[in-house]
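This report refers to the structure that appears directly beneath it.
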């Protein structure tokens, strides 16, 4: 269908949607008050066989008085192989429009969306950073790490800033996301300590970016165990490394490896106080299980703040 250039954007979108939707709108034959040649009821393009004088012919014209197919009329207009397929179509009581993308024939946004949307391969590591009952800011940091969106020195140079771009811990290497969180000697010491706590073997090779590293970790975390202590500790470690880097960069506060490891343990305890760990989350890790049990006596700090409103002494009306 030709769409005039002066048509509104809304009308143009409707025409575009019509071209996409029409092939999936089908008919169940009943009374036959639909076009024999143009409506989608037979899974055949019958318009190729139409007579120029019979453009307006309805399906009902090809039915007899008993609502059965009239074989003589069909044989006149259609080839034998097409006509035989038409004769096999069951006649129902009423005409009914159906949507062929759904099981029950009724239009469904869900079924339609799943048909037309462009699916991308599921990235398993997204499931280990976006967690229920977990600090969003830490999950967001992990997302920035994977996407390489953090304002590291190398990225600032790419944006035109004149910087030395050296690691804050005194390394000769250029600062980038992968260096901060993995290849820096300080980061290696932290991860070695953390992996020892978790009972994992530390393997520093075979990775070139944080994307592949998180993908590797995701394969070591069972999808059904999403939100386990291993999952949390990985994210807490990334958070603590980034926080230590910023303290050194902007406040000239140098945190030792033992202090960074202590902050990770503290985050585990804070998480437990906010949302107590269940047995399945701590399964297979005696270190953090003992850490939590040994700190049961530490009470969560609670502040009850009372708020009272005091009536103003000013006597005037707001205009």
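In this note's numbering, the protein residues as written are 740 to 1058.
Beta carbons: idealized from backbone N, C-alpha and C, even for Gly.
Supposed contact pair residue j and residue i - C-beta distance, whole angstroms, cut 8 Å
i	j	result
residue 880	residue 978	6 Å
residue 1010	residue 966	Actually they are not in contact, since the Cβ atoms of residue 1010 and residue 966 sit about 10 Å apart, beyond 8 Å.
residue 773	residue 850	So it is not a contact: roughly 23 Å between Cβ atoms.
residue 830	residue 794	At roughly 23 Å, the Cβ-Cβ gap does not stay under 8 Å, so residue 830 and residue 794 are not in contact.
residue 821	residue 783	6 Å
residue 968	residue 873	That belief does not hold up - the Cβ atoms of residue 968 and residue 873 are roughly 12 Å apart, past 8 Å.
C-alpha distance - residue i paired with residue j, whole-angstrom precision
i	j	result
residue 781	residue 888	54 Å
residue 922	residue 932	15 Å
residue 1012	residue 871	15 Å
residue 942	residue 936	15 Å
residue 898	residue 745	43 Å
residue 748	residue 855	21 Å
residue 890	residue 900	11 Å
residue 865	residue 982	22 Å
residue 787	residue 803	24 Å
residue 1057	residue 875	Residue placement at residue 1057 is flagged as unreliable, the pLDDT there being 48, under the threshold of 50; the coordinate-derived value follows with that caveat. Approximately 42 Å between the Cα atoms of the pair.
residue 756	residue 841	18 Å
residue 1029	residue 980	24 Å
residue 999	residue 895	26 Å
residue 940	residue 934	6 Å
residue 844	residue 758	19 Å
residue 771	residue 958	58 Å
residue 1038	residue 905	Any answer about residue 1038 is weak, because its pLDDT of 46 lies below 50 and its placement is not dependable; what the coordinates show is given next. So the two alpha carbons sit approximately 42 Å from each other.
residue 970	residue 760	44 Å
residue 1015	residue 988	34 Å
residue 1032	residue 903	46 Å
residue 947	residue 992	29 Å
residue 986	residue 1048	40 Å
residue 762	residue 852	16 Å
residue 1017	residue 1001	22 Å
residue 857	residue 1022	38 Å
residue 990	residue 848	53 Å
Cβ-Cβ distance between residue i and residue j below 8 Å
i	j	result
residue 893	residue 913	yes
residue 815	residue 768	no
residue 972	residue 929	no
residue 1034	residue 1006	no
residue 975	residue 885	no
residue 775	residue 797	yes
residue 810	residue 826	yes
residue 1024	residue 945	no
Close beta carbons around residue i, own chain, < 7 Å, minus the five adjacent residues each side
i	result
residue 765	779, 780, 837 and 839
residue 846	838
residue 832	769
residue 882	868
residue 984	907 and 919
residue 1046	none
residue 805	none
residue 994	983 and 986
Residues bridged to residue i [DSSP beta-bridge criterion]
i	result
residue 802	808
residue 913	905
residue 774	797
residue 930	The partner list for residue 930 (beta bridge, DSSP) is empty, contrary to what the question assumes.
residue 836	766
Sequence-distant residues of the same chain with beta carbon closer than 8 Å to residue i, five excluded per side
i	result
residue 1066	Given that the chain is displayed from residue 740 to residue 1058, the structure contains no residue 1066 and the question cannot be resolved.
residue 996	925, 928, 929 and 932
residue 818	788
residue 813	801, 822, 825 and 826
Cut-off 6 Å between Cβ atoms - residues of its own chain near residue i, not counting five sequence neighbours on either side
i	result
residue 950	885
residue 877	974 and 978
residue 1040	Confidence in residue 1040 is poor, its pLDDT being 49 and thus under 50, which makes the residue's placement too unreliable to answer from.
residue 800	none
residue 915	891 and 893
Chain D contact for residue i (CB, 8 Å cutoff)
i	result
residue 879	Although the question refers to chain D, the structure presented lacks it and comprises just one protein chain.
Distance cut-off 7 Å: residue i Cβ against heavy atoms of the ligand SAH
i	result
residue 764	With respect to small molecules bound, the structure shown includes none, and the ligand SAH cannot be examined in it.
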